[in-house]
Structures are given as C-alpha cells and as structure tokens.
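So the protein lines, in turn, are chains A and B.
Residues in the first sequence are numbered consecutively from 1, following the working numbering.
Residues in the second sequence are numbered consecutively from 1001, following the working numbering.
Take a look at the structure below.
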Amino acid sequence: MNTLRYGFRLLLRDWRAGELRLLATALVLAVTAITAVAWLADRVSLATETRAAELLGADRALVGNDPLPERFEALARVQGLAVARTLQFPSVVLTEERTQLVAVRAVDANYPLRGSLQVADHADGDAENTTATPARGEVWAEARLLIQLDIAVGDRIELGEEEFVVSRVLMLEPSLGGGFQNLAPRLLMHLDDVQATGLVQEASRVTYRLLVAGDNAAVNQWQTRVQPELDESIGLEAPGEGQPAVEQVLDAAKRFLGLSALLTVVVGGVAMLLTIRHYATRHLDRVAVMRCLGATERQIASMLTWKMVLLGLITAAVGSLLGYLVHLLMLSLLADLLPGLPAASWRPAAVGLLAAQVILLGFALPTILRLRRVPPLRVLRRDLGDQLFRGWGVYPVALGAIFMLMWWQAQDLLLALYVFAAVLGTLAVLALGAGLIILLLRRGRPAGASGLLLAGLVRRPWTNTFQIMALGLGLMALLLLSVVRQDLLNTWQDRVPDDAPNYFLINIQPEEADALQALLDDQGLDTRVYPMVRARLVGINDRDVRPSDYQEPRTRRLVAREFNLSWLEALPEDNHLVAGRWWGNAERPEPQFSVEVELAERLGVGVGDELHFDAGGQRYSAPVTSLREVQWDSFNVNFFVAASPGVLDAAPATYITSFHLPRDQQRLLAQVVREYPSVTLIDVSTILDTVRSIMAQGARVVELMALLTLLSGLVVLFAALQVTREERQFESALLRSLGGRRALIRRLAATEFLLLGGAAGLLAGGGAAVAGYVMGNLLFQLEYAFNPWLPVLGVLVGALVVAGAGLLATRRLYRITPMRLLKSAEEG
Amino acid sequence: MMFRGPDGDIRLFRDLNLEIRGGETVAILGASGSGKSTLLGLLAGLDVPSEGRVLLVGTDLTALDEDRRAMLRGRELGFVFQAFHLLSGFTALENVMLPLELAGERQAESRARAALDQVGLSQRTGHYPQQLSGGEQQRVAIARAFVTRPRVLLADEPTGNLDRNTGHRVQDLLFQLNALHGTTLVLVTHDPELARRCQRVLNLENGHLVAA
Chain A
1 MNTLRYGFRL
11 LLRDWRAGEL
21 RLLATALVLA
31 VTAITAVAWL
41 ADRVSLATET
51 RAAELLGADR
61 ALVGNDPLPE
71 RFEALARVQG
81 LAVARTLQFP
91 SVVLTEERTQ
101 LVAVRAVDAN
111 YPLRGSLQVA
121 DHADGDAENT
131 TATPARGEVW
141 AEARLLIQLD
151 IAVGDRIELG
161 EEEFVVSRVL
171 MLEPSLGGGF
181 QNLAPRLLMH
191 LDDVQATGLV
201 QEASRVTYRL
211 LVAGDNAAVN
221 QWQTRVQPEL
231 DESIGLEAPG
241 EGQPAVEQVL
251 DAAKRFLGLS
261 ALLTVVVGGV
271 AMLLTIRHYA
281 TRHLDRVAVM
291 RCLGATERQI
301 ASMLTWKMVL
311 LGLITAAVGS
321 LLGYLVHLLM
331 LSLLADLLPG
341 LPAASWRPAA
351 VGLLAAQVIL
361 LGFALPTILR
371 LRRVPPLRVL
381 RRDLGDQLFR
391 GWGVYPVALG
401 AIFMLMWWQA
411 QDLLLALYVF
421 AAVLGTLAVL
431 ALGAGLIILL
441 LRRGRPAGAS
451 GLLLAGLVRR
461 PWTNTFQIMA
471 LGLGLMALLL
481 LSVVRQDLLN
491 TWQDRVPDDA
501 PNYFLINIQP
511 EEADALQALL
521 DDQGLDTRVY
531 PMVRARLVGI
541 NDRDVRPSDY
551 QEPRTRRLVA
561 REFNLSWLEA
571 LPEDNHLVAG
581 RWWGNAERPE
591 PQFSVEVELA
601 ERLGVGVGDE
611 LHFDAGGQRY
621 SAPVTSLREV
631 QWDSFNVNFF
641 VAASPGVLDA
651 APATYITSFH
661 LPRDQQRLLA
671 QVVREYPSVT
681 LIDVSTILDT
691 VRSIMAQGAR
701 VVELMALLTL
711 LSGLVVLFAA
721 LQVTREERQF
731 ESALLRSLGG
741 RRALIRRLAA
751 TEFLLLGGAA
761 GLLAGGGAAV
771 AGYVMGNLLF
781 QLEYAFNPWL
791 PVLGVLVGAL
801 VVAGAGLLAT
811 RRLYRITPMR
821 LLKSAEEG
Chain B
1001 MMFRGPDGDI
1011 RLFRDLNLEI
1021 RGGETVAILG
1031 ASGSGKSTLL
1041 GLLAGLDVPS
1051 EGRVLLVGTD
1061 LTALDEDRRA
1071 MLRGRELGFV
1081 FQAFHLLSGF
1091 TALENVMLPL
1101 ELAGERQAES
1111 RARAALDQVG
1121 LSQRTGHYPQ
1131 QLSGGEQQRV
1141 AIARAFVTRP
1151 RVLLADEPTG
1161 NLDRNTGHRV
1171 QDLLFQLNAL
1181 HGTTLVLVTH
1191 DPELARRCQR
1201 VLNLENGHLV
1211 AA
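As structure tokens, this is what we get:
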C-alpha cells in the first residue's frame, strides 16, 4: 500500500474538516518567527562574509595611528601587489550657516583595490558603481550630510583651512572602523588635499591604512615578510576581521532574536500540546476501522507519520514565506543601519523546513503515533481506546525538542541551558500563579447567580491554568519589550542632567589650549581644558603586558589600543575613590597613577601595583595609589588612568574639553572651528540621538517578534477553546433549554474570558515589572523602581484581547438553537 | 470461554462451542447487553479471549499477534456495521478501495468500481459519506465488505440504523451478494425477522448459545 498517498489523503480530509487549523497556525507562526530571524541573520552575515574583502577594500591592510613606514609599501611593490593609502579622521564641515561632524576618509587614486564605490549625481539619483575617487579640490559626501547641511551637489563646504566642492553623492563605500565615526556621515576626499586643510597634526586622532591586493600567493608572501616586523602599534587586517565590534553586536543580536523566536515556538508548542490530544481523539474511530479492515500497526504508523511530515512541509512553506515577508519588514525598520544587503539565500527556508519537522516530531508525533495502538474492537465498543492518550510520557520528548532547538539557535550549550531554565522557570512561576488565582476564585466563589459567573473558570482548572500561563507568557514578552524598555531608557536619560555637556572638543594643540580656554571662559562656559596623552600600557610590575595575556575580548582590545592618560590635580566631582588615597594638593607629589576601578579589575591591578606606559617611545612608570569610580554618563571628560602632575610632562599631549552650549549660543561653534581648524568638534546630542534611534529601530524589530509570540498565545486560547468547545456547547444548550437567555449565557462567557485575560495580564504585568526591576538594577545598574502600573496595564490589555478573541471564537455557539446544539454535542 | 473486560476477567460465555461451516449463513439473536457484539468481535479476531480458542478458516486466532490477525482479517473477513463506519473525507470509491489497498492489491480501483456497480452506486463513486443517504452509505459498506472476496462476512445489526423500507432493500442486497459469492455469513441482530433469513438461528442467553 502507498502510505504516502494515504497520508496525504488523510491530511486533505483533516484540512477540509477544519481539524488542522490550530495545529497548522501554531506551526506556521513558529516557522515564521524562526525563518524571519534566520533570513535577517543570513543576509547580514552574507553581507559580512561575501563582501568582507570589499568592506576592507583590499586583501590585506596595515592599520596604525601613526604614519606607516615606507618599507611595507616598498615590499608590496616588489611582490607585484597593488597598493593604496588611506587616512581616516573625524572632523567638522562648515557652510555659511551650519556645522556638522563628519567621518573623513582621504584616499589616493588607487582606492579601492577590491570592490567599488557607489555614487550618484544628486541625492535622489540612481547609484552607479565606480572605481574612481574624488579629484583634488572635490569631496564626495553621503546624502544625509547634504540634508543636514542643507546643500546640494555643486555647493562648497569648508573643511579645515580649505574649501571644497561637493561633486558627487556617496551611496556606498567599503567601510571600516568602529566607534562614533560610523555614526557620523562620511566624506571622501583626495589624500593629497589633507595637508592643506591643516587637520592632521601630531597626536591627532587619525587612522592610517596601507591597503594591498594581488594574487593569493604574493599577498601571503608579503604577509609572512611583514608580520614579524609589526609591533603593537600596527595591526594587520584581513577580510572579515575588519569590524570586530560591529560583528560582535550583530552576533549577539542574532542570538538574542533567535532565542526570542524560540519563545514563539515554546508558546506554539503549548498550543500544540493542548490541541493534539483532542485532535488525536477524533481519529480513534477512523484508525479502529482501518485496523478492522486489515491495517497493520506499521501501516498505520507510516500513514500517520507521512501525514505529519507533509503537514510539516506545507506549514514550513507557508511559514517560510511569511518569515520572508516579516524579515523584509524588519529590514525596512533597520534600513538606516543596514544599507545595501546582498540578495537572500534559500538557506533559511531549509531552516524553517527542519524546524517545522522538529517541532512536529517533538509536540505532535508522539501523541499521534499512540493511535496505532487503538484496539480494533472499538468499532463495536465505542468506549475502548479513550485511555490511550493518558499519561505524561509525551512531555519529555517535547522538552527535549525545545532544548535541541535552543541549543542549535544559541550555538552555545551554557547559554542554551540558561535560556531553557529561564523559560521553564518563567512558565512554572506563571503556572503556579495561574493555579493560585483559580484556587482563590474557587474558594472565594459566592453562591447564586454571581457564582455562576465564575463557574466556567474554576470548573476547568487544568485547561485554564494552561491558558493563563501561555497567554501570560505572550503578554509578558510584549510588555517587557514595549513598556519596560521605554521605562529603562527614560530612567537612563533622567540620569543625564539637562546641562550635561553636549559638545566635546578634542585634538586641541598645546599652544592653543590657553587661548581656547579663554574663549570659552569669555562665553561664560563653565569648563576645563584637560591634557591628554595617548600611551600604550606595556608593563605591570615586572612583567610585560600583551593583549594575548587576557582572555576577555574587550580587555584584549583595551590593551591593544592606546589609552588616553591625563594628569589631574584634584579629584573631579563626578569621581569618587573606592580604594587608596588621592595625591592631595601638593605642587609636585610623588609620581603615581589613579585607575578607574572597572579597568583595574579587568587588568587585574590594584593599589600598590606599578604601571608602565609607552608614549611616543618614552616609558612612563608610577605605582597605582588609588582606584576611582567614574560616572561615565555625566558626559564630562573623564579618564581611565590619571597621573599625578609632573609624571607626563615630557609626553606629547593634546587637550580635550567638554561643555554645555545652549541652543542660542551655537554660533560659537563656527568660530571655534574656523579659528582652530585642527580641533575636532563632537556633537554629543547628535550621537545620543543616533544611539536612541538605533535602539528604537532595534526595539521595533524585537517588538515584531513579541507580537508573533502574542499571536501564538492567542492560538493557545483558541486551542483551549476548541478543547472545551463541546463542553461549552453542551452547557450553553442545557442552560438555554432550562430557560437561560442568550444574553445571560453570553455574559457568562464574557466574564470567563475577561477573568482569564485579566489573570494572564496580571501575571504578565507583574512578571514584566519584576523582570524590569531585576534588569534595571542588576544588569544596567539603574535605579529603576518597580512600575506598579504594569500589572494594571497587563490586566486591561489581557482582559480586552482575550475577551475579544474569545467571544469572536465562540459567537456561533450562541446563535444556533439548543436542539441543534445538543445534537451536535452528542455527535462530537 | 473467558473474556478480559475493563474490570478484569469476566466469564461471559459458558461452554460455548460453535462451529460454522463454509458457505453457511448463521444469525445470532440476543437482547442488548447479552454479549452478541463481544462474541462477534472474538470471531473476527478484533479481540482474543483470555481462555478458549477461535479458529478462522483453519487458523487459530488466539495464537496470532494483533498485526497477523489484522492481515488475516484483511484477507478472509468482510464487515458490515450498524453505524456503517465509512471513513468521512474519503469518497465512496476510496472507502471501497481501502481494504484492497491495505492488502497491496494493484487493481484496487477497477475492482472497487465493479463492487460499487454491484450495489447500484456506480453513479455515486465520487460522493463523500455525508452526501449519501443512510441506505446508500450501508450499500457502500456492503460493497467494501465484499470487494476483497472474503470467505466470511460478519454483520453487526446491519439494518439497525435504517428505516424499515430501506432496511429491507439492504437486507435483500446483502443476501443476494452473499449467495452470489458463496460467502459464509455470521449475522448478529436482535431483529427475529432478519435472523429468519439465515439457514441457522442461535439465541445468546446468559452466556449460552442455544438453537432457536
């Protein structure tokens, strides 16, 4: 017998009879959530993988904060490699009226060696590929810069001491580097024009790159020759290593979204567990007849398995299609952050396919397969086989399936275990809360007509506990991601005082420091100009320090980079000592360092340890005599490591300052930039706005995921309604035949749904408030208070959503006559 | 003969010895609750007695496992039930094809069409059970029962759910086809009139079978 064909026929039959709708919906939602994330992640990582070389603009690059030695370039030319040089630095452009922070990249005519630039003739023009670069006297600017400055192609801008014509719009450029430079609009200029602008001076924040490209063997040969000569100050970049920070963030986001997609799977799984037993029960008779007509257990199992596999294929196809659409929606929400992604691949559809089968295998098949044991005698005695689905045996399989999915999604056993435990814990707490509410209602239920209003809820305690739990999970996810997120953000913003500095000036040359301080004083700005020395940590006590000494990636990067050191006389107001003693007000105290406490922990140093720094080839050493706690989000200038006056006198320094400039004094900025062209102005409020908008965009994507979870929660409600449908039908008909009016019955049902939704919302709101409190205080160290409105909001939202959906799903029950109801209830 | 019921072993039948020869038609009469259906189930191998033996065309059913009994049923037995037991969502043709396909028969469709033609439903092959009248449904069930050319046909109150007129016509059809195929018929009923159409009528009373 062709069991595949029979499986398909059974599937069609079930679909026509409407018996698969809930199961299929739960499955489709789960696949939608998983594939949407998979598609998003796939395209983002495709972008980083396939265009890694293009992103770098080369096959290899040397990177440093000082001009790179000529010999590396000469070596590349000997190997027959193509070579290009670039310079990157933040600066400010000026027009008559406006100023704007930009990320400047100066390139020579060979740039880029790999990939191409995309440019347009005007801001709304079509992008075309080019390997040309700006001619001298011209710059290419990103479209948003034109908007911010209110200029068009052909207009002139000031950059440092020079004027330039904006000749084209830069749509896409091999991109490099992290930090705030990514947030500022980009400006491309000719390398030979840099000198004349006067923007690059000693100790300026500049990144130098030497790009090389050519055939593989030559590139590798060059790398082997160059590598031994590199010291800590020069890095070698290969495609794919260019953006560690961005990659890490994307990777974390991918995992987080993946795991939140699994929340939809968990809730959908609850819906399936609820509905599958009911569904299987309806098939007892059919399987019994087949057994009677000669079907073997194997034939039955094979048919049913095929049926489920086919169901999995169909729902995976639909879910993947929806997932694709949802990912497009997510991409449109993230458009500003992820420009120009490559075309989607088919891989996520395969992921959806596999996930659907695993979910079915875990949640449906174990129950379905029990059908093969239906006693054939059931054709004569209807009561046989009803016990078939009793017992808890199916749950371990379901939990196992969920855990496997989590492990696969997290790619990390420990993380998977944590999330699994958290989800189970939350479910357990929700279930406990739900059970408690029902128990209380049962105890406190008044006699008479008002008691009747509660009857529905207390009579089906198990189903209702399940429903409250699953709906609660969906609602909780939504509340967490909307209300709590906003709360936390507001709490954080409240910490930043209104007169917090909104501008930073960096790269102030030593000879400019006094004059600039005077200028700011004249404007009535309360500020201080601090010296800043860029130095690398080279030793702690007697040992040398290398990035590879540390496990933690962030510490490694800290050690690899140059620190900004300063010297201070007095302890700043927003710092306070947690260990050791400040050096007091002596004119020339003993040489000593004060270290920010978190950095000290990362480096493993404490009071009494001796630190050795290297700045410009000179070694500066002193013992640590105090540890400071710093309130970084005060936006004042602060330093990880501060030296006592005198220690760094010989080191090359630039100066830095921050100040709060009211809106009506903005003209000062243009004056500063004109008089001090090498000084870099950083507009913190713009950066803050950008960070806020990134968070908002990211949050909307996560909210989309939460919405899918909530939809799954509603499927649970419908599933529970379906399971209790016959009971409801019968009760409703009975009440009506006993004289109950339709309005009364509807009111009973409405009360039940309102209570159900209210209970789920109460738990969800409470849970979200607790989770928010814990996250705020433990994770983000914010003084976030328990939000008492969350449970109230939860009750309202829950009651409305559940009552609306519940009444919609059961409206047919109250329309037909009691006679027909009783009859159809009998038939099942 | 002992029979395992939901509350442990119960002795439902006493000294029950029944031998039915090939081609014979036998009716078992009994009030509801007398155990007729249980007896039928045991004869069909749908269940096995915890004590005693059932032999079907020379094979001891009690010595076979459930799957072997199922295969034997598919080969040697046909069923007609009071509740028809057609599969909803399957057309009349598909319902009749089912036992053939379960047995791996290649000519399933043409044989099923022929069987439906024999019961006068060649025009209704594509209809689903819910589109057919009760009489038509039972005729489909009869076609399904005969399509495998079984040696034994078991019928459980075959006209119990039908009105009198329809019931008569279905009875006629059942006996005609039985005669045509030379099938052994065992019929369980509480309707004496239907029972009288069989060659042998037995009464099931208090676990004893007695000739009427």
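Note that CB positions come from ideal geometry on N, CA and C, so glycine has one too.
All of these numbers come straight from a predicted model, not from anything done at the bench.
Bridge partner(s) assigned by DSSP for residue i
i          : result
Asn564(A)  : Arg534(A)
Leu1208(B) : Before going on, a small fix: residue 1208(B) reads as His here, not Leu. Answer by DSSP bridge pairing, in chain order: Glu1205(B).
Leu211(A)  : Ala61(A), Ala84(A)
Val641(A)  : Leu565(A), Val595(A)
Glu237(A)  : Ala61(A)
Glu783(A)  : Glu783(A) pairs with nothing; no bridge assigned.
Tyr830(A)  : Here chain A has residues from 1 to 828 only, and residue 830(A) is not among them.
Glu163(A)  : Glu158(A)
Val206(A)  : Beta-bridge pairing links Val206(A) to no other residue.
Distance between residue j and residue i (C-alpha atoms, nearest Å)
i          : j          : result
Leu1046(B) : Cys292(A)  : 7 Å
Met532(A)  : Ala106(A)  : 25 Å
Gly125(A)  : Arg168(A)  : 10 Å
Lys307(A)  : Leu432(A)  : 36 Å
Phe180(A)  : Leu322(A)  : Residue placement at Phe180(A) cannot be trusted, given a pLDDT of 38 that sits under 50; what the coordinates show is reported in the next sentence. Distance between the alpha carbons of Phe180(A) and Leu322(A) is about 36 Å.
Arg298(A)  : Arg373(A)  : 10 Å
Asp383(A)  : Glu1109(B) : 34 Å
Asp498(A)  : Asp487(A)  : 18 Å
Gly584(A)  : Leu210(A)  : 46 Å
Gly178(A)  : Asp521(A)  : The pLDDT assigned to Gly178(A) is 35, lower than 50, so where the model puts this residue is not dependable, and the model offers no usable value.
His71(A)   : Arg225(A)  : In the sequence on display, residue 71(A) carries Arg and not His. Going from the Cα of Arg71(A) to the Cα of Arg225(A) covers about 11 Å.
Gln666(A)  : Arg674(A)  : 14 Å
Arg255(A)  : Ala355(A)  : 16 Å
Tyr655(A)  : Ser320(A)  : 56 Å
Leu721(A)  : His278(A)  : 11 Å
Ile595(A)  : Trp222(A)  : The question names Ile, but residue 595(A) in the sequence shown is Val. Cα to Cα, Val595(A) sits roughly 40 Å from Trp222(A).
Leu669(A)  : Gln148(A)  : 16 Å
His1208(B) : Arg1014(B) : 6 Å
Thr1059(B) : Thr1038(B) : 20 Å
N- and C-terminal bounds of the alpha helix (DSSP H) containing residue i
i          : result
Ile1020(B) : Counting along the chain, Ile1020(B) falls outside any alpha helix (DSSP H), and DSSP gives it neither H nor E.
Pro510(A)  : 510 to 522
Leu75(A)   : 70 to 78
Asp14(A)   : 3 to 16
Gln618(A)  : Per DSSP, Gln618(A) belongs to no alpha helix (DSSP H); it is in the beta strand (DSSP E), 618 to 630.
Phe753(A)  : 742 to 774
Asp614(A)  : Run containing Asp614(A): none in the alpha helix (DSSP H); it sits in the beta strand (DSSP E), 610 to 615.
His1168(B) : 1164 to 1181
Start and end residues, beta strand (DSSP E) containing residue i
i          : result
Asp1156(B) : 1152 to 1156
Ile1028(B) : 1025 to 1029
Ile157(A)  : 156 to 159
His327(A)  : Not the beta strand (DSSP E): His327(A) falls in the alpha helix (DSSP H), residues 297 to 333.
Threshold first: 4 residues or longer. Then list the alpha helix (DSSP H) segments lying entirely within the segment 375 to 440 of chain A, N to C.
The alpha helix (DSSP H) runs of length 4 or more contained entirely in the segment 375 to 440 of chain A are, from start to end of the chain, 394 to 410.
Contact set between the segment 743 to 754 of chain A and chain B, restricted to residues whose Cβ is under 8 Å from the partner:
Considering only beta carbons, no part of the segment 743 to 754 of chain A lies closer than 8 Å to chain B.
Ignoring anything shorter than 3 residues, give me the beta strand (DSSP E) runs that lie fully in the segment 1077 to 1147 of chain B, in order along the chain.
Within the segment 1077 to 1147 of chain B, the complete beta strand (DSSP E) runs of at least 3 residues are 1077 to 1080.
Which residues, taken in chain order from the segment 292 to 307 of chain A, show a beta carbon closer than 9 Å to some beta carbon of chain B?
Going along the segment 292 to 307 of chain A in chain order, one finds Cys292, Leu293, Gly294, Ala295, Thr296, Glu297, Arg298, Gln299 with a Cβ nearer than 9 Å to chain B.
Check distances from the C-beta atoms of the segment 6 to 18 of chain A to those of chain B and list, in chain order, the residues that come in under 8 Å.
Within the segment 6 to 18 of chain A, contact with chain B at the beta-carbon level (separation under 8 Å) is assigned to Tyr6, Arg9, Leu10, Leu12, Arg13, Asp14, Arg16, Ala17.
Near-chain A residues of the segment 1018 to 1045 of chain B (beta-carbon distance less than 8 Å), N- to C-terminal order
Correct list: Ser1037, Thr1038, Leu1040, Gly1041, Ala1044.
Between the segment 1093 to 1113 of chain B and chain A, which residues of the former have a C-beta closer than 8 Å to a C-beta of the latter?
Within the segment 1093 to 1113 of chain B, the qualifying residues are Glu1094, Leu1098, Pro1099, Glu1101, Leu1102, Ala1103, Gly1104.
Could you please tell me which residues of the segment 360 to 379 of chain A, in chain order, have their CB closer than 8 Å to any CB of chain B?
Cβ contacts with chain B: Pro375, Pro376, Leu377, Val379.
Contact residues within the segment 23 to 43 of chain A, judged by C-beta distance below 9 Å to chain B
The segment 23 to 43 of chain A vs chain B, Cβ under 9 Å: nothing.
Cβ-based contacts, 9 Å cut-off: residues of the segment 1048 to 1061 of chain B near chain A
Per Cβ criterion, the list is empty.
Return the residues of the segment 267 to 287 of chain A that lie within a Cβ-Cβ distance of less than 7 Å from chain B, sorted by chain order.
So the close ones are Arg286.
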